[in-house]
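Asker: Those protein sequences? They're chains A and B, same order as listed.
Per numbering that gives the first Met the number 0: the first sequence = residues 0 to 157.
Per numbering that gives the first Met the number 0: the second sequence = residues 0 to 753.
Quick reminder that beta carbons are idealized off the backbone N, C-alpha and C, glycines included.
Below you will find the structure I want to go over with you.
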Amino acid sequence: MAGIAVSTTINGDNIEYLCQPDETLLDVLRDRLGLTGAKEGCGTGDCGACSIILDNRLVCSCLVLGAEAEGRRIETVEGMAHGDQLHTLQQKFLEHAALQCGICTPGFLIAAKDLLAKNPDPTEEEIRFGLAGNLCRCTGYDKIVRAVQDAAHVMKGA
Amino acid sequence: MNFDPRFSGRKFASVGTRPIRPDGVDKVTGRARYGADFNMAGQLVGRVLRSPHAHAKILKIDTSKAEKLAGVKAVITAKDLPDLTGGDAAMYDILDNCMARTKALYDGHAVAAVAAIDARTARQALKLIEVEYEILPHVTDVDEAMQHHAPLINDTIFTEGLEEKPVKPSNVTKRSQFGHGDVHQGFGHADFIVERSFKTEQTHQGYIEPHACVASVSSDGTAELWVCTQGHFVYRQHCAQLLGMEASKLRVTSSEIGGGFGGKTHVWAEPVALALSRKAGRPVKLVMTRDEVFRASGPTSATSIDVKIGARKDGTITAAEATLRYSAGPYAGSWAEIGAMTAFACYKLDNVKTVGYEVLVNRPKTAAYRAPSAPMAAFAVESAVDELAKELGMDPVDFRIKNAAQEGTRSSYGPVYGPIGIGPTLEAVKNHPHMKAPLKKNQGRGMACGFWFNFGGQTCVDLNIGMDGSVSLAVGTVDVGGSRASLSLVAAEELGIDYAQLKAVVADTSSLGYNDMTDGSRGTFSSSMATISAARNAIKILRERAAQMWDISVDDVVWEQGHAVAKGDKHGNLGKLSLKEIAAESGKTGGPIAGHSELVADGAGVSFATHICDIEVDPETGSTRVIRYTVVQDAGKAVHPTYVEGQYQGGAAQGIGWALNEEYIYGKDGRLQNAGFLDYRIPVCSDLPMIDTQILEIPNPNHPYGVRGVGETSIVPPLAAIANAVSNAAGVRMTHIPMSPPRILAAIEAERGG
Ligand code: FES
Ligand code: FES
């Protein structure tokens with residue numbers, strides 16, 4: 000089967016790839032482009048481990064086709080830090096130990112980044128509902144919520 | 000090399016602090032490599048064909064069409080995994096579970112597998128494999144499976160542990176019994192007796208990372224396996240045994256692990272991937288889908304438990320008895336046995352008896368799930384304890400304090416306790432502000448206790464000191480949630496150096512001696528013990544080298560705060576030598592400096608926790624909300640308190656899911672109906688409040704720093720604590736978990752109607 004040629008922007012870089020019509024964007028990122036930061040926890044849109052930002056919208060990349068990325072702008076966890084300077088959210092996740100196994104972390108970071116971009120001063124409840132599409136089985140969410148609260152606080156001040 | 004593991008009270012410099020974990024940056028930048036994040040050149044995609052039937056004879060498998068499909072490089076069935084287990088029944092069960100041999104025993108049981116050039120070809124190939132089944136009657140319910148007329152899952156099983164060997168096979172593989180005293184007499188002395196039956200449904204560990212591995216078998220008989228596992232050394236042994244390889248020829252590297260909770264202690268896909276690779280002559284990557292994780296990988300037992308407890312008016316328990324039935328899936332296990340051991344472990348009892356029954360059902364092979372078997376037993380016992388307190392008119396905390404086990408108590412499962420934390424956790428709960436906080440309408444408060452043994456086991460650590468004075472620590476227990484940070488703290492403590500001077504890694508099976516799994520809450524307990532021992536061995540060498548540099552006797556050199564110090568007036572002007580200075584000279588003083596340790600970590604130190612929670616119940620819909628939650632648990636010594644809190648919170652959250660939502664739902668056809676995160680709903684962020692924690696530190700006498708395992712106990716009390724809270728809020732005793740809205744509503748309506 001002939002591949003579909005796609006040209007898109009990922010973390011600010013122009014990227015071109017060929018993909019099959021039934022291939023998800025998650026598979027393209029992971030298997031074709033080597034961007035394995037986004038994880039597959041379910042493949043059905045239920046866990047958020049594959050979260051990315053597509054044209055300023057938080058999406059599950061397992062529910063987007065690779066071909067749909069044509070001409071769009073993609074942000075993944077790999078693009079969050081500037082050089083060796085971690086994003087405030089990344090730093091706060093480390094400081095608060097908001098990860099145990101860490102498999103959910105890329106998804107949470109992306110979802111939290113999207114949340115804070117839209118609501119820089121969220122209440123605890125807004126954080127909890129804003130991150131309700133991301134599953135974490137290790138932490139009980141307590142430290143994740145605190146990390147996001149702390150990051151919001153710092154980012155507001157900045 | 001005489002290592003003394005006994006607790007010695009000491010002042011800590013590093014242990015007890017909260018530095019950032021050494022693997023942290025990789026995990027927040029997406030760089031950390033988990034099971035599915037690894038690839039090899041020329042790798043194929045593996046896929047497994049699974050039985051759609053709960054119980055069926057496999058009459059014929061025709062793989063010829065699949066083999067002919069372009070791009071398919073190997074197709075395997077049980078024939079490609081011949082039985083090399085040599086009469087080892089447990090290994091044979093593992094083999095049969097990896098690939099069904101004569102019968103499919105549950106919906107999702109593997110029957111064949113393919114390796115192809117890409118995922119699409121592999122999927123197509125599965126559709127071309129023709130399996131002829133003869134469908135057999137099935138049973139999925141634990142109580143039904145015990146009936147005489149129940150379909151027999153394995154006709155070679157005769158119940159073990161009965162006085163007389165039974166003449167007929169049955170689904171009950173084993174009866175086990177624990178206790179002491181005379182319960183009959185004890186109940187005779189009771190003024191109040193509570194007797195109740197309880198049920199819990201089957202849940203899954205629910206790790207977010209599906210099982211994943213990459214296997215590469217060479218034609219020279221060596222192989223490599225990259226895999227997410229809680230125990231790569233054990234995986235190596237199992238895989239080598241099942242494939243007929245020498246263990247040392249199989250190098251297993253554990254990837255970062257995306258959650259396990261006991262579920263990644265068993266091989267499923269790995270022997271299959273190795274067999275595919277062997278047949279195809281190329282590396283094979285095998286990743287389970289979420290559907291496969293639910294249908295085929297290890298859920299916990301479903302249970303049915305009867306409890307009877309009697310007490311005198313003054314609140315003394317006179318007798319306690321329980322019968323516990325645990326489903327094991329289609330293979331024998333020791334799940335009920337563990338349940339029977341833990342059931343009454345929190346209490347000081349003169350008369351106690353527990354009986355466990357292991358029951359075969361047509362469900363996936365039961366796997367460990369965090370303090371396996373203990374939460375269900377605690378749910379039943381702690382519910383009955385609460386009810387009894389109510390009948391006595393006693394405060395539930397006071398009633399438990401009065402009967403709590405202490406140092407010197409003979410436990411219900413046999414051993415006599417050393418210093419333990421059940422009493423202190425109860426006292427802490429009694430004094431906790433949470434217990435006094437006001438409740439609103441439709442809200443109820445519950446509390447409950449939990450116990451877990453904790454394990455130790457075989458452990459091996461290498462500590463290597465570089466010429467620049469930096470230290471690398473190679474451990475063999477997989478890091479499931481921050482243990483590299485904890486072990487670095489322990490090494491820093493013992494060597495007297497800075498945490499930043501160290502780097503801990505998890506070594507592969509060819510680089511370090513054998514280590515047991517990271518299970519039984521043993522990771523930090525046992526590897527910290529081995530780390531301390533390795534560091535002490537390194538210090539001995541460091542002292543020798545310093546003595547050599549100074550040209551004095553090693554007996555005059557002591558190790559203090561990261562430095563060799565010459566002792567005694569005659570060496571007054573020698574000053575100190577830092578670890579760095581000694582390391583820099585190592586090439587001239589005898590070569591590399593290292594400390595090794597191989598030991599069996601004994602005396603893991605039992606662990607207790609008490610939880611409090613407030614639940615709001617909507618009496619119109621039966622829906623619930625967790626309002627507040629507090630965990631109090633003994634850690635012995637919290638090496639990295641933040642990660643200890645994390646273990647407490649994570650266990651509580653899993654318990655909350657189990658108590659309120661999670662369950663395997665089987666149809667009449669024996670098929671699993673909710674094999675996905677949409678229908679098997681684990682708690683999300685908006686379901687939970689903050690989870691408060693209080694760490695108690697009652698030193699474990701069998702560890703130099705007093706450490707106890709902390710990972711598992713936190714999932715033991717929640718089922719009961721929440722059931723007690725819901726029962727108090729709804730005004731009716733809840734006896735069936737999960738307490739989903741329909742169950743709560745039905746209980747409320749039955750109470751109203753009755
Ligand atoms: S993998 Fe996309 S939501 Fe789970
Ligand atoms: S840290 Fe393991 S799933 Fe979130």
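Is it buried or exposed for Ala116(A), if we count other Cβ within 10 angstroms and need 16 for buried?
Answerer: Classification of Ala116(A): exposed, given that the 10 Å Cβ count is below 16.
Asker: I want to check one thing, is the minimum distance from the CB of Glu291(B) to the heavy atoms of ligand 1 below 7 angstroms?
Answerer: Not under cutoff, so the answer is no.
Asker: Under the rule that 16 or more other beta-carbon atoms within 10 Å means buried, what is Phe11(B), buried or exposed?
Answerer: It is exposed - the Cβ of Phe11(B) has fewer than 16 other Cβ atoms within 10 Å.
Asker: Within the same chain, show all residues whose beta-carbon is closer than 7 angstroms to that of Asp113(A), passing over the 5 residues directly before and after it, in chain order.
Answerer: Taken in chain order, the residues that qualify are Ile52 and Leu57.
Asker: Who are Leu285(B)'s beta bridge partners in DSSP?
Answerer: The partner list for Leu285(B) (beta bridge, DSSP) reads Gly45(B) and Cys212(B).
Asker: If we ignore side chains and look at the alpha-carbon of each, how far apart do Cys448(B) and Val396(B) end up?
Answerer: Their backbone Cα atoms lie some 10 angstroms apart in a straight line.
Asker: What does Glu615(B) touch in chain A if you count any residue whose Cβ is under 7 angstroms from its own?
Answerer: Correct list: empty, because the minimum Cβ distance to chain A is about 15 angstroms.
Asker: Can you tell me which residues form a DSSP beta bridge with Lys352(B)?
Answerer: Paired residues: Gly178(B) and Glu320(B).
Asker: For Met154(A), report the span of its alpha helix (DSSP H) as first-last.
Answerer: Here the alpha helix (DSSP H) through Met154(A) covers Asp141 to Gly156.
Asker: Do Ser175(B) and Gly355(B) come within 8 angstroms of each other at the CB atom, strictly closer than that value?
Answerer: Cβ distance < 8 angstroms, so Gly355(B) and Ser175(B) count as in contact.
Asker: With DSSP run on the structure shown, which of helix, strand or coil describes Gln560(B)?
Answerer: Note: Gln560(B) maps to coil in three-state DSSP.
Asker: Residue range of the alpha helix (DSSP H) that Gln547(B) falls in?
Answerer: That run of the alpha helix (DSSP H) goes Gly522 to Trp549.
Asker: Measure the alpha-carbon distance for Tyr368(B) versus Gly259(B) and round it to whole angstroms.
Answerer: Whole-angstrom Cα-Cα distance: 8 angstroms.
Asker: Start and end of the beta strand (DSSP E) containing Arg195(B)?
Answerer: Looking at the DSSP string, the run of the beta strand (DSSP E) that includes Arg195(B) is Phe191 to Thr199.
Asker: With distances taken from CA atoms, which of Thr317(B), Phe177(B), Glu584(B) and Ile93(B) is nearest Val193(B)?
Answerer: Measuring from the Cα of Val193(B), the nearest candidate turns out to be Thr317(B).
Asker: Roughly how many whole angstroms lie between the Cα atoms of Pro363(B) and Ile531(B)?
Answerer: Each residue's alpha carbon lies about 40 angstroms from the other.
Asker: Quick check on Asp113(A) - is its C-beta less than 8 angstroms from some C-beta in chain B?
Answerer: Chain B, which has no Cβ nearer than 8 angstroms to the Cβ of Asp113(A), makes this no.
Asker: The beta strand (DSSP E) with Gly594(B) in it runs from where to where?
Answerer: Counting along the chain, the beta strand (DSSP E) containing Gly594(B) begins and ends at Ile592 to Ala600.
Asker: Can you give me the start and stop residues for the beta strand (DSSP E) that Ala115(B) sits inside?
Answerer: Residues Ala109 to Ala115.
Asker: By the DSSP assignment, the beta strand (DSSP E) with His610(B) in it spans what residues?
Answerer: Start and end: Ser606 to Val616.
Asker: Heavy atom of ligand 3 less than 7 angstroms from the Cβ of Gln19(A), yes or no?
Answerer: Because ligand 3 does not appear in the structure shown, any question about it cannot be addressed here, the ligands present being ligand 1 and ligand 2.
Asker: For Asn13(A), does the three-state DSSP call read helix, strand or coil?
Answerer: Strand, per DSSP.
Asker: Using only the alpha-carbon positions, how far apart do Ile592(B) and Leu578(B) sit?
Answerer: Their backbone Cα atoms lie some 10 angstroms apart in a straight line.
Asker: To the nearest angstrom, how far is it from the Cα of His702(B) to the Cα of Phe177(B)?
Answerer: Cα to Cα, His702(B) sits roughly 28 angstroms from Phe177(B).
Asker: Any residues whose CB sits closer than 6 angstroms to a heavy atom of ligand 1? List them in chain order?
Answerer: Those residues are Glu39(A), Gly40(A), Cys41(A), Gly42(A), Gly44(A), Asp45(A), Cys46(A), Gly47(A), Ala48(A), Cys49(A), Cys59(A) and Cys61(A), given in chain order.
Asker: Report the partner residues of Met393(B) according to the DSSP bridge assignment.
Answerer: Paired residue(s): none; Met393(B) is not in a bridge.
Asker: Compute the minimum distance between the beta carbon of Ile60(B) and the heavy atoms of ligand 2, and state whether it is under 7 angstroms.
Answerer: No - ligand 2 has no heavy atom lying nearer than 7 angstroms to the Cβ of Ile60(B).
Asker: Short check: CB of Glu163(B) to CB of Thr172(B), under 8 angstroms?
Answerer: Contact flag unset, no.
Asker: Would you kindly work out how many angstroms separate the C-alpha atoms of Leu275(B) and Ala40(B), rounded to a whole number?
Answerer: Near 16 angstroms, if we compare the C-alpha coordinates of Ala40(B) and Leu275(B).
Asker: Under 8 angstroms between C-beta atoms, does Val76(A) make it to chain B?
Answerer: By this cut-off, Val76(A) is an interface position.
Asker: How many angstroms separate the CA atom of Gly86(B) from the CA atom of Asp12(A)?
Answerer: So the two alpha carbons sit approximately 59 angstroms from each other.
Asker: Between Gly481(B) and Ala96(A), is the Cβ-Cβ spacing less than 8 angstroms?
Answerer: In this structure, Ala96(A) lies closer than 8 angstroms to Gly481(B) by Cβ.
Asker: Take the Cβ of Lys142(A) as the centre, count every other Cβ of all protein chains shown within 10 Å, and call the residue buried at 16 or more, exposed below.
Answerer: So Lys142(A) ends up on the buried side.
Asker: Rounded to a whole number of angstroms, what is the C-alpha to C-alpha distance between Ala327(B) and Ala301(B)?
Answerer: Looking at the two C-alpha atoms, the distance is approximately 8 angstroms.
Asker: Using the Cα positions of Leu201(A) and Gln500(B), report the straight-line distance between them to the nearest angstrom.
Answerer: The structure shown does not extend to residue 201(A), since chain A is modelled only from 0 through 157, so no value can be given for it.
Asker: Is there a Cβ from chain B that is less than 8 angstroms from the Cβ of Arg72(A)?
Answerer: No, because no Cβ of chain B sits closer than 8 angstroms to the Cβ of Arg72(A).
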